[in-house]
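S.K.: Residue numbers (this note's numbering): 1 to 117.
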């Protein structure tokens, strides 16, 4: 491949055309949560600060649970602002993911920052 006149995106397309059997590879999207007190994950492409939402840590029966527990999700999403923020983030991702795919991005890490993690 003569790369002298190719942009990084064009080079990715050339390599993909040569070596990938399928022309359209699906993007791998990873969603993770983290605590700002531990720092932002270095591999995060998009970071959403959700410290404005209700914090289940301060509810005794939820304190030792995680977002994987239905009780925690129910508590957070009982707040109208949480449902609105979720919708706005979903709209943002639905708009930007195709743009990232168009640029040839194969992985996207979306991180949600909480107070504790």
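Glycine included, every Cβ here is placed at the ideal spot set by N, Cα and C. Small disclaimer: the values here were computed from a predicted structure and weren't measured.
(1) For the putative contact between residue 63 and residue 72, defined by C-beta atoms under 8 Å, what is the C-beta separation to the nearest angstrom?
(2) If you count every other CB in all the chains shown that lies within 10 Å of the CB of residue 56, and 16 or more means buried, which is it?
(3) Roughly how many angstroms separate the alpha carbons of residue 12 and residue 109, rounded to a whole number?
(4) Mind checking which residues open and close the beta strand (DSSP E) that includes residue 111?
(5) Can you tell me whether residue 112 is buried or exposed? The criterion is at least 16 other CB atoms within 10 Å of its CB, across all chains shown.
(6) For residue 38, is the classification buried or exposed, using 16 other Cβ atoms within 10 angstroms of its Cβ as the cut-off for buried?
(7) So who's on the other strand from residue 33, going by DSSP bridges?
(8) Measure the alpha-carbon distance for residue 80 versus residue 89 and round it to whole angstroms.
(9) Between the beta-carbon of residue 48 and the beta-carbon of residue 115, is there less than 8 Å?
M.R.: Taking the geometry as given:
(1) No, residue 63 and residue 72 are not in contact; Cβ-Cβ is about 10 Å, not under 8 Å.
(2) buried
(3) 20 Å
(4) 107-114
(5) buried
(6) exposed
(7) 112
(8) 14 Å
(9) no
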